[in-house]
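Colleague:
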Amino acid sequence: MNINTTNINNDNIHDSNPTSPTMSINNLISPSNSNNNNTNHNMSNNTDIGTNTTNLMGSPPRRPSNSPQFLDPLATPRSFLRNNSTSATPSLIATPPPPFKYPLPLTNSQNNKDNVQNANVSGNADNIFVGSPMLTNSPYYDARTSMASTVSSAANLKLDDKLRYWRHDAYLKNLYETAAFWGNKVMTITGDSSDIFWLAQIYYNMGQYVRAQKLIWKLMDTSVACRFLAAKCCIKQEKYQEALELLGEENPFVDDGYRLIVKNTEGGIQLEASMCYLRGYAFSQQANLDCAKRCFKEALELDVKCYEAFHELIGNHMMTANEEWDFITKLKYDEQLDREEAEFVKMNYISMLNKYEHLPEIKAARHELESWRLSNNVDVLLSHAEELYTQCRFKECFEITSKILESDTHNPKCLPIHIVCLHELREKNKLFLLAHELVEHSPDMPVTWFGVGCYNYLVGKNDEARRYFSKASTMDSHYGPAWIGFGHSFAVESEHDQAITAYSTAAKLYEGSHIPSLFIGMQHLQANNILSADEYLSTSSKLCEGDPLVYNELGVMFYQKSKYADAIDNFRRALILVDETKCRPQIWETTWMNLGHAFKRMGQVDLDAAINYFQKVTTMTTPSPSALTAIGYCYHVKEEYEEAILYYHEDLLERCLEEMILFVNEEKENERV
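The sequence shown begins at 1 in full-length UniProt numbering and counts up one residue at a time.
This is how it looks when you write it as structure tokens:
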């Protein structure tokens, strides 16, 4: 609420210190200052309480300067990149279960359950055998072990086996035309189902999806592996409903009484789990996120090694932080893997979970992975970077992401948080060069245009930023950082309705993330829609209890309701979380200011407490004019006029110095241009 009064006792004091919005990505991005003009939302005496930043993939106006955002990373840091590849590579079971029918097509779940009797779940069709790819010609195999056993006896092979050897060798070298040529010859000579399957697999990798699908069409009634490949071809052609008809809208193996949740001695990924993942991916592309979430969870329950399913669940924030923890930690690792393997997989997954909750356990998992000589592994380093990002330690985070990109150029999971760190550190030139490099080498990646949008946002070109964020979201409608950035570009211009629309899209895509709901609530606060703000901020606090920004905004809301005691409780809780996560206190200067203003509103008896909090702000960085004004006002109310005048004068001096420094910097910038 605005405190517009006419005398000093009613706090008729203005805070005209201009600040700029910030942006971040994530866990999706975090705040820092940009060149866009924006009013300081500190709880100065006649202004709204709040924060003074707008972050991209982080937070819009009212967020504490340089506070954390989406990564998660949306950053985040947690990455929101969607893998362009939809293939999931299954492997066969050493001892196939009893055969069962898999009808064509599967049009509904009832048919799935009524007709499950014919096709081999192992993926075999007639004589598609399990074993060496050269001699027994399995659809799925370990090329490294099979090649060694075959080369030594290559001279004794028959012609068809030699042709298969040439085909597979060319396939492994990505010489697909060569592989297709010899694969076609051996298929014609033998008519073998495995040779047909492998030629279709080669066509798939050549991007000839219709050709591959047509080739294996007659085998789909008897081979689940062929049906799976045909469904992948449909996915590549964006025929998602047709893919679901091939896979079934529910897992047809569930009621068979034989579940593939046994230890896989072959070490591969269960084909049934791969099919569940692909089914979930098709649902997600149809915006049926509940069904997609169910399928991805089922895939991991069937085979904990199915990383694609894990990536979709965690990377796209389909579950809340606590739901992630409960689900991932309770998977049946020991029932599917040996003890060492089970621990290794579990620690890898735990290290990638949401960094707002269970941080000590996540750090312990990362340290254990380092004992497996993974200290320089990209994913382990990225886990550390995400932790630093949520703690607003952007410089340290940037150092790690730079190290990652040195060894793994244009890593799609690392790029979003790296881009946002460049924004937070106001590295305009580096961000421009990175965006230019991405446009030149990776123009088909959404993160490329997200990076270009972030640069334009940083330099204050919001219209241009929106154009590039829009392009990123057009390339991948599920790319959350683009929607958050799009919303921030409106929020910084106080276009609340458009910002809320963009954030709402992100909220639908990432149902488990608290960030979109938080941003929507912040927009409603600025528009003075207190009831709507209460609804969204409460939702955000239920989704995540570990983000200090949530409690800062709740404190702002209670302050505007004149519930100052509740406001104080929330501000204090925010600062406790800041201390627990080892965030730099300077970043949360606004929350300390807000706490001081709340105490100031409690009456004469709490003015000393308010002064203490304001003085704490003045010791964090260069003296804040807003804090000096607030201290002067408190002494004024206490009728200690000499002290009040002293702080008022100091405030004026600081404002003059700021204006002078700003003018000099602008002159230097103009000279460089």
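C-beta atoms are modelled at their ideal positions from N, C-alpha and C, and glycine is treated no differently.
Check Gln285 in the structure and name its three-state DSSP category.
Modeller: Here residue 285 corresponds to residue number 285 of the sequence shown, with the count starting at 1. Helix.
Colleague: Kindly say whether Ala472, judged by its beta-carbon, lies nearer than 9 angstroms to any beta-carbon of chain C.
Modeller: Absence of chain C from the displayed structure is noted, only one protein chain being present.
Colleague: Pull up the DSSP beta-bridge partners for Ser351, would you.
Modeller: For the purposes of this step, residue 351 is taken as residue 351 along the sequence shown, with counting starting at 1. Note: Ser351 sits in no beta bridge, so no partner.
Colleague: Give the straight-line distance between the Cα atoms of His649 and Lys638, rounded to the nearest whole angstrom.
Modeller: Locating residue 649 in the sequence shown gives position 649, where the first residue counts as 1. Locating residue 638 in the sequence shown gives position 638, where the first residue counts as 1. The straight-line gap from Cα to Cα measures roughly 18 angstroms.
Colleague: Please identify the residue among Glu323, Gln498, Met557 and Glu440 whose C-alpha is closest to the C-alpha of Asp534.
Modeller: For the purposes of this step, residue 534 is taken as the residue at position 534 of the sequence shown. The shortest Cα separation from Asp534 among Glu323, Gln498, Met557 and Glu440 belongs to Met557.
Colleague: Closer than 7 angstroms by C-beta to Ile216: which residues in its own chain qualify, once you throw out the five before and the five after it? Chain order, please.
Modeller: One-based indexing of the sequence shown puts residue 216 at position 216. Excluding residues within five positions, the ones whose Cβ falls inside 7 angstroms are Ile196, Phe197, Ala200, Cys226, Leu229 and Ala230.
Colleague: Would you call the CB atoms of His418 and Met445 closer than 9 angstroms?
Modeller: Numbered from 1 along the sequence shown, position 418 holds the residue referred to as residue 418. Numbered from 1 along the sequence shown, position 445 holds the residue referred to as residue 445. Contact flag unset, no.
Colleague: Whole angstroms are fine: how far does the CA of Cys392 sit from the CA of Cys583?
Modeller: If you number the sequence shown from 1, residue 583 lands on position 583. If you number the sequence shown from 1, residue 392 lands on position 392. Each residue's alpha carbon lies about 6 angstroms from the other.
Colleague: According to DSSP, is Glu440 part of a helix, a strand, or is it coil?
Modeller: Within the sequence shown, the letter at position 440 stands for residue 440. Residue state, collapsed to three classes: helix.
Colleague: Keeping to the same chain, check which residues put their C-beta closer than 7 angstroms to that of Glu298; ignore five residues upstream and five downstream.
Modeller: On the sequence shown, residue 298 is found 298 positions in, with the first residue counted as 1. Asn251 and Cys276.
Colleague: Output yes or no for whether 9 angstroms exceeds the beta carbon distance between Gly596 and Ala610.
Modeller: Looking up residue 596 in the sequence shown gives position 596. Looking up residue 610 in the sequence shown gives position 610. The answer is yes: Cβ separation under 9 angstroms.
Colleague: So, with DSSP's three-state summary, where would you put Met206?
Modeller: Within the sequence shown, the letter at position 206 stands for residue 206. Reduced to three states, the DSSP call for Met206 is coil.
Colleague: Which same chain residues end up closer than 8 angstroms to Tyr176 when comparing Cβ atoms and leaving out the 5 residues on each side of it in sequence?
Modeller: By one-based count along the sequence shown, residue 176 stands at place 176. Excluding positions up to five away in sequence, the list reads Ala170, Ile202, Asn205 and Met206.
Colleague: Using 8 angstroms as the Cβ pair cut-off and three pairs as the minimum, do the segment 293-308 and the segment 316-329 touch?
Modeller: Yes, since at least three Cβ pairs between the segment 293-308 and the segment 316-329 fall closer than 8 angstroms, the two stretches touch.
Colleague: In whole angstroms, give me the CA-to-CA distance for Ala385 and Gly546.
Modeller: Walking along the sequence shown from the start, residue 385 turns up at place 385. Walking along the sequence shown from the start, residue 546 turns up at place 546. So the two alpha carbons sit approximately 18 angstroms from each other.
Colleague: Is the beta carbon of residue 680 less than 9 angstroms from the beta carbon of Gly268?
Modeller: Any question about residue 680 goes unanswered here, given that the chain covers just 1 to 673.
Colleague: If we call anything under 9 angstroms between Cβ atoms a contact, is Gln523 one with Tyr551?
Modeller: For the purposes of this step, residue 523 is taken as the residue at position 523 of the sequence shown. For the purposes of this step, residue 551 is taken as the residue at position 551 of the sequence shown. No.
Colleague: Look up Pro412 in the DSSP assignment and say whether it is helix, strand or coil.
Modeller: For the purposes of this step, residue 412 is taken as the residue at position 412 of the sequence shown. Coil, per DSSP.
Colleague: Write down the C-beta distance between Ser489 and Arg466 rounded to the nearest angstrom, noting that I regard them as a contact closer than 8 angstroms.
Modeller: The residue labelled residue 489 in the question sits at position 489 within the sequence shown. The residue labelled residue 466 in the question sits at position 466 within the sequence shown. Confirmed, about 5 angstroms.
Colleague: Using a threshold of 9 angstroms, state whether the C-beta atoms of Leu509 and Trp483 are closer than that.
Modeller: If you number the sequence shown from 1, residue 509 lands on position 509. If you number the sequence shown from 1, residue 483 lands on position 483. Yes, the pair counts as a contact, with Cβ atoms nearer than the cut-off.
Colleague: Determine the direct distance from the alpha carbon of Tyr559 to that of Ile568, and round the result to whole angstroms.
Modeller: As a position in the sequence shown, residue 568 is number 568, starting the count at 1. As a position in the sequence shown, residue 559 is number 559, starting the count at 1. Going by the C-alpha atoms only, they are around 9 angstroms apart.
Colleague: What first and last residue would you give for the alpha helix (DSSP H) that runs through Glu571?
Modeller: What you label residue 571 is simply residue 571 of the sequence shown in a count that begins at 1. Looking at the sequence provided, one finds Phe at residue 571 rather than Glu. Tyr564 to Glu580 is the span of the alpha helix (DSSP H), which, as asked, contains Phe571.
Colleague: Grab me the residues of Leu382's own chain with a C-beta within less than 7 angstroms of its C-beta, minus the 5 sequence neighbours each way, in chain order.
Modeller: On the sequence shown, residue 382 is found 382 positions in, with the first residue counted as 1. Here the set comprises Ile404, Lys413 and Cys414.
Colleague: Can you name, in chain order, every residue of its own chain whose Cβ lies under 6 angstroms from the Cβ of Trp182, other than the five neighbours on each side?
Modeller: Residue mapping note: residue 182 aligns to position 182 of the sequence shown, counting from 1. Counting only Cβ-Cβ distances below 6 angstroms, and skipping sequence neighbours, we find Leu163, Trp166 and Arg167.
Colleague: Residues in the same chain with beta-carbon distance under 6 angstroms from Leu438, minus the five sequence neighbours each way, listed in chain order, please.
Modeller: Within the sequence shown, residue 438 is the residue found at index 438, counting from 1. Excluding residues within five positions, the ones whose Cβ falls inside 6 angstroms are Thr448 and Gly451.
Colleague: What is the residue span of the alpha helix (DSSP H) that Val186 lies within?
Modeller: Taking the sequence shown and counting its residues from 1, the one referred to as residue 186 is at position 186. Tyr176 to Thr190 is the span of the alpha helix (DSSP H), which, as asked, contains Val186.
Colleague: CA-CA distance, Lys101 and Ser223?
Modeller: Position 101 of the sequence shown, counted from the start, is the residue given in the question as residue 101. Position 223 of the sequence shown, counted from the start, is the residue given in the question as residue 223. Note on Lys101: pLDDT 33, under 50, position unreliable in the model; no value is reported.
Colleague: Name the residue from Lys158, Lys214, Lys355 and Tyr209 whose alpha carbon lies nearest to the alpha carbon of Thr190.
Modeller: Reading the sequence shown from its first residue, position 190 is the one you call residue 190. When each option's Cα is compared against that of Thr190, the closest is Lys158.
Colleague: For a test of the three-state rule: what should DSSP assign to Thr329, helix, strand or coil?
Modeller: If you number the sequence shown from 1, residue 329 lands on position 329. In this structure, Thr329 counts as helix in the three-state DSSP scheme.
Colleague: Pick out whichever of Lys305, Ala321 and Gly521 has its Cα sitting closest to the Cα of Tyr333.
Modeller: Taking the first residue of the sequence shown as position 1, residue 333 is located at position 333. Ranking the options by Cα distance to Tyr333, first place goes to Lys305.
Colleague: Check whether the segment 418-437 and the segment 609-628 are in contact - that is, three or more C-beta pairs closer than 8 angstroms.
Modeller: Output reads no: the segment 609-628 does not touch the segment 418-437.
Colleague: May I ask which residues mark the beginning and end of the alpha helix (DSSP H) holding Asn251?
Modeller: Here the question's residue 251 lines up with position 251 in the sequence shown. Careful: Asn251 lies outside any alpha helix (DSSP H) and carries neither H nor E.
Colleague: Please report the distance separating the alpha-carbon of Glu340 from that of Leu244.
Modeller: If you number the sequence shown from 1, residue 340 lands on position 340. If you number the sequence shown from 1, residue 244 lands on position 244. Taking the straight line from one Cα to the other gives about 36 angstroms.
Colleague: For the alpha helix (DSSP H) that contains Gly315, what are its first and last residues?
Modeller: Within the sequence shown, the letter at position 315 stands for residue 315. Where Gly315 is concerned, the enclosing alpha helix (DSSP H) stretches over Tyr307 to Gly315.
Colleague: So, using beta-carbon positions, are Pro481 and Pro416 closer together than 9 angstroms?
Modeller: In the sequence shown, residue 481 corresponds to position 481, counting from 1. In the sequence shown, residue 416 corresponds to position 416, counting from 1. Yes, the pair counts as a contact, with Cβ atoms nearer than the cut-off.
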